[in-house]
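K.L.:
Residue numbers (my numbering): 49 to 232.
C-beta atoms are modelled at their ideal positions from N, C-alpha and C, and glycine is treated no differently.
Note that this is a predicted model, so its numbers are computed, not measured.
Starting off with a structure, shown below.
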């Protein structure tokens, strides 16, 4: 069965921004979709977010698509690092992804050791898609370029899309993100 799991951003929740829209669109395409409420979203800990994702996934397989937004992308990459040599998902879509704590002490625990890109790259059978904005106030385009280089990802740059989130980041809410559907 086709499955998709959407991992929200720091300070987000399952009903935030484009997540409900994407869930509806994916279900129309026959996906079983989960958007877990990640624990302690305002003070995120990898030691809590990673087991939450692991428990939800259960057994990874080539019917699973993982979609992350902002800190959700780091959670997905850390999850992929934990898979055995024979385990893979179908695809990972990383929206507003980054590779270090961006100067926020609250995010340092996700990046205490460098990401193992060589290992991560092998864990998505159909590869990676990275969606970045050219005016994200938190995450510069260089992160999209780095993820493209390190993961062999397809990079999509959206014009003037901010952080592709909503009122938590003092933005107009981004309520649809068709690039995710277009790149499944």
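Per DSSP, which residues does residue 176 bridge with? Please list them.
P.N.:
140
K.L.:
Please name the residue, chosen from 136, 164, 118, 147, that lies closest to residue 184 on a Cα-to-Cα basis.
P.N.:
Among 136, 164, 118, 147, the Cα nearest to that of residue 184 is on 118.
K.L.:
Does residue 180 pass the burial test, meaning 16 or more other C-beta atoms within 10 Å, or should it be called exposed?
P.N.:
buried
K.L.:
Mind checking which residues open and close the alpha helix (DSSP H) that includes residue 51?
P.N.:
Not the alpha helix (DSSP H): residue 51 falls in the beta strand (DSSP E), residues 51–55.
K.L.:
Between the C-alpha atoms of residue 172 and residue 103, what's the straight-line distance to the nearest angstrom?
P.N.:
19 angstroms
K.L.:
Could you check how far apart the C-beta atoms of residue 110 and residue 77 are, in whole angstroms? I think they sit under 8 angstroms.
P.N.:
That belief does not hold up - the Cβ atoms of residue 110 and residue 77 are roughly 16 angstroms apart, past 8 angstroms.
K.L.:
Rounded C-beta distance between residue 198 and residue 158? I'm assuming under 8 angstroms.
P.N.:
Going by Cβ atoms, the distance from residue 198 to residue 158 rounds to 16 angstroms, so no, they are not a contact pair.
K.L.:
Can you give me the C-alpha to C-alpha distance between residue 228 and residue 141, rounded to a whole angstrom?
P.N.:
7 angstroms
K.L.:
Identify whether residue 229 lies in helix, strand or coil by the three-state DSSP scheme.
P.N.:
DSSP places residue 229 in helix when its eight states are reduced to three.
K.L.:
Taking the C-alpha atoms as reference points, what is the distance between residue 108 and residue 124?
P.N.:
12 angstroms
K.L.:
Measure the alpha-carbon distance for residue 230 versus residue 81 and round it to whole angstroms.
P.N.:
17 angstroms
K.L.:
With H, G and I counted as helix, E and B as strand and the rest as coil, what does DSSP make of residue 82?
P.N.:
strand
K.L.:
Can you give the Cα-Cα distance for residue 222 and residue 210, rounded to whole angstroms?
P.N.:
9 angstroms
K.L.:
For residue 154 and residue 93, I'd like the C-alpha separation in whole angstroms.
P.N.:
8 angstroms
K.L.:
Nearest to residue 163 by CA position, among 62, 156, 147, is which residue?
P.N.:
147
K.L.:
What does residue 95 pair with, by DSSP beta-bridge criteria?
P.N.:
Beta-bridge pairing links residue 95 to no other residue.
K.L.:
Just list the residues that DSSP pairs residue 117 with in beta bridges.
P.N.:
143
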